[in-house]
């Protein structure tokens, strides 16, 4: 009986203790479960992971190396900035398609904002109607054709000597952008604008400590970036304002003379000025500030992209004589009867298409797609991507992913035979220009330029390396910036095959 009483007491005490424990557990504030962030290398105080990017290896290559170790969705702390790096097609599709609206906004970068009118341009502006409407601006095809023909004529005059093809390509791209933006009557501004533009591109193309430590006045002052960019902005702004004022005066004169019936948009400045005078239903007005911002963005984002692509394409063709022979045979078979490259027939050059795609796969003009910012905390690939985190998509790594590309480092245009993989951002294993809502708006006009220029160079000329160099010894080193071009300019010897008609 005593044993039964003792057992009953023990059970009572156990039950009572359990109840008290449960009550305490229920009333106690639950422990916060730490979010599961993407993996990444170990961080240092203040610097975060900046030390992981310091060294001779270019950023897109170094980020690919880190992704091999830490995974296709990798978290980095770059100064004050929390950043995730995407290195696989599957994860890229999550950001750029599945959750594209949540990642459509560009982050605020002090350096870019200083030059580009505080985000009132295209590339760095918030996602919205303002960004979409400039894509409706019409193409300037005749300008492209005239300038390319002039380039061919100038190369034809070289008598068996080497030409700096890189220099010619970038000069051509700048002239086309100037004529597209300013028209034919702004030669003085063109000459003054080029050195300013080159300095801006150099300043924005590198790693900016001001962007990585935006709240630090010490960094802002010591780096000198703000002071330098404000000076460059003032110089560019004065030139662009002069161009716009001259256009305004000319449009007024034309309207008086033509009774407002015969005036046509001659260039991009005209297009935007006339948007404010016609009922386009935009829902907002376009001031001189917006026009200058968009024009500057056009130069920064488009003035050398086509030149970079053609430069790398010609480099790869010189390195691979078999491909050069095959693509020249296709081009010449198409146009030998006409004795001139007709832009209307370019869509029939299927192997040239493959050459361009393979060039873009290996040499995306901007290997790191312009950063985006997470609006709201989101789960991606089983990891939490927190609000305000910056997202960098490494297109260079994705375009060389060995899980999706056989022999990914080899230049082989034939890999695109019987495969519909385009560069418009619809196939996430091949995104040289990005994808989703913020895909590059100038793809079509830019690629039309690339195709025409390459077809002309391949039809009108044979090409040789200087000093009888071996094609296998061509230097393919890169230089990182807003675009990744050749580190050393490409010099080639043109041999005229088909003169350019007058």
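Residue numbers (the numbering used here): -11 to 490.
By construction, the Cβ of each residue, glycine as well, lies at the ideal position given by its N, Cα and C atoms.
Does the Cβ of residue i have 16 or more other Cβ atoms within 10 Å, making it buried, or fewer, making it exposed?
i: residue 351; result: buried
i: residue 149; result: exposed
i: residue 39; result: exposed
i: residue 443; result: buried
i: residue 485; result: exposed
i: residue 414; result: exposed
i: residue 3; result: Low per-residue confidence applies at residue 3: pLDDT is 46, beneath 50, and the placement is therefore not dependable enough to give any value.
i: residue 327; result: exposed
i: residue 203; result: exposed
i: residue 30; result: exposed
i: residue 71; result: buried
Can you give me the start and stop residues for the alpha helix (DSSP H) that residue i sits inside?
i: residue 257; result: 256 to 263
i: residue 177; result: 175 to 193
i: residue 297; result: 293 to 307
i: residue 329; result: First-last for residue 329: undefined, no H or E at that position.
i: residue 345; result: 338 to 350
i: residue 100; result: 98 to 103
i: residue 285; result: 276 to 290
i: residue 462; result: That residue, residue 462, is in no alpha helix (DSSP H); it is neither H nor E in DSSP.
i: residue 199; result: 197 to 200
i: residue 131; result: 129 to 144
Could you please give me the residues that DSSP links to residue i through a beta bridge?
i: residue 380; result: 73
i: residue 394; result: BP columns for residue 394 are empty, so no partner.
i: residue 164; result: Bridge partners of residue 164: none, in fact.
i: residue 149; result: According to DSSP, residue 149 bridges with nothing at all.
i: residue 450; result: 483
i: residue 473; result: 467
i: residue 368; result: 371
i: residue 46; result: Residue 46 pairs with nothing; no bridge assigned.
i: residue 36; result: 32 and 66
i: residue 24; result: In DSSP, residue 24 forms no bridge with anything.
i: residue 93; result: 361
Give the straight-line distance between the Cα atoms of residue i and residue j, rounded to the nearest whole angstrom.
i: residue 60; j: residue 86; result: 17 Å
i: residue 285; j: residue 104; result: 7 Å
i: residue 139; j: residue 321; result: 22 Å
i: residue 313; j: residue 151; result: 21 Å
i: residue 392; j: residue 345; result: 15 Å
i: residue 556; j: residue 240; result: In the structure as shown, the chain begins at -11 and stops at 490. Residue 556 is therefore absent and cannot be evaluated.
i: residue 181; j: residue 224; result: 7 Å
i: residue 167; j: residue 441; result: 17 Å
i: residue 55; j: residue 407; result: 28 Å
i: residue 364; j: residue 374; result: 7 Å
i: residue 178; j: residue 437; result: 20 Å
i: residue 135; j: residue 27; result: 50 Å
i: residue 130; j: residue 242; result: 22 Å
i: residue 263; j: residue 274; result: 8 Å
i: residue 287; j: residue 176; result: 17 Å
i: residue 411; j: residue 362; result: 25 Å
i: residue 256; j: residue 169; result: 5 Å
i: residue 62; j: residue 214; result: 30 Å
i: residue 447; j: residue 319; result: 6 Å
i: residue 45; j: residue 143; result: 36 Å
i: residue 211; j: residue 299; result: 33 Å
i: residue 489; j: residue 141; result: 9 Å
i: residue 227; j: residue 95; result: 28 Å
i: residue 409; j: residue 428; result: 17 Å
i: residue 336; j: residue 323; result: 11 Å
i: residue 235; j: residue 281; result: 16 Å
i: residue 64; j: residue 82; result: 19 Å
i: residue 477; j: residue 353; result: 16 Å
i: residue 331; j: residue 416; result: 29 Å
Given 8 Å as the limit, tell me if residue i has its C-beta closer than that to any heavy atom belonging to the ligand ZN.
i: residue 34; result: Looking at this structure, you won't find the ligand ZN or any other ligand, since it has none at all.
What are the boundary residues of the beta strand (DSSP E) that residue i is part of?
i: residue 66; result: 61 to 66
i: residue 360; result: 356 to 361
i: residue 371; result: 371 to 373
Using 8 Å as the Cβ pair cut-off and three pairs as the minimum, do the segment 377 to 390 and the segment 341 to 359 touch? yes
Assess contact between the segment 192 to 208 and the segment 465 to 477, defined as three or more Cβ pairs (one per stretch) separated by less than 8 Å. Is contact present? yes
Give a yes or no on contact between the segment 396 to 409 and the segment 300 to 311, applying the rule of three or more CB pairs nearer than 8 Å. yes
Can at least three beta-carbon pairs, one atom from the segment 291 to 307 and one from the segment 156 to 165, be found at a separation below 8 Å? Short answer: they touch.
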